[in-house]
Amino acid sequence: MSTPEGRVKTKIKAYLKSLDDCWFFMPIGGPYSVQGIPDIVGCISGGFFAIEVKAPGREGNTTELQKIQIAGITEAGGIAFVASNVETVRMAFMEWGIHVP
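The sequence shown lines up with residues 0 to 100 when you count with numbering that gives the first Met the number 0.
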């Protein structure tokens, strides 16, 4: 049985796969990885994005390391955000000027 967060990740991945000009992957965390990296990172229409996925109702539960990484990505010109559903992802891309279904 998957977790609530796992179900959201599955839906977001399916949405990203349906988009043109979108490439992404999910970094695997571990003792030798950079801590706080968002769950999904990728490129859409030439722009870098990162999504920290949370279960519905848990959007505010980002760690300090996650907040630091999200801020760093944003400061570098990418978009990084927390999402608990596909609509949040879609809206973030649209706000960034990417036309998505």
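Quick reminder that beta carbons are idealized off the backbone N, C-alpha and C, glycines included.
The region 9-24 makes no contact with the region 62-73; the number of CB pairs closer than 8 Å stays below 3. Taking all protein chains shown into account, alanine 82 has 16 or more neighbouring C-beta atoms within 10 Å of its C-beta and is therefore buried. Straight across, the Cα-Cα distance linking asparagine 84 with glycine 76 is about 23 Å.
Between aspartate 38 and glutamate 51, the CB-CB gap stays under 7 Å.
Of the residues Thr62, Ile36, Phe47 and Pro55, the one whose Cα lies closest to the Cα of alanine 91 is Phe47. Ranking Ser17, Gly56, Val33 and Ser44 by CA distance to the CA of leucine 64 puts Val33 first. Phenylalanine 23 is bridged by DSSP to Gly41. Bridge partners of isoleucine 78 according to DSSP: Phe48.
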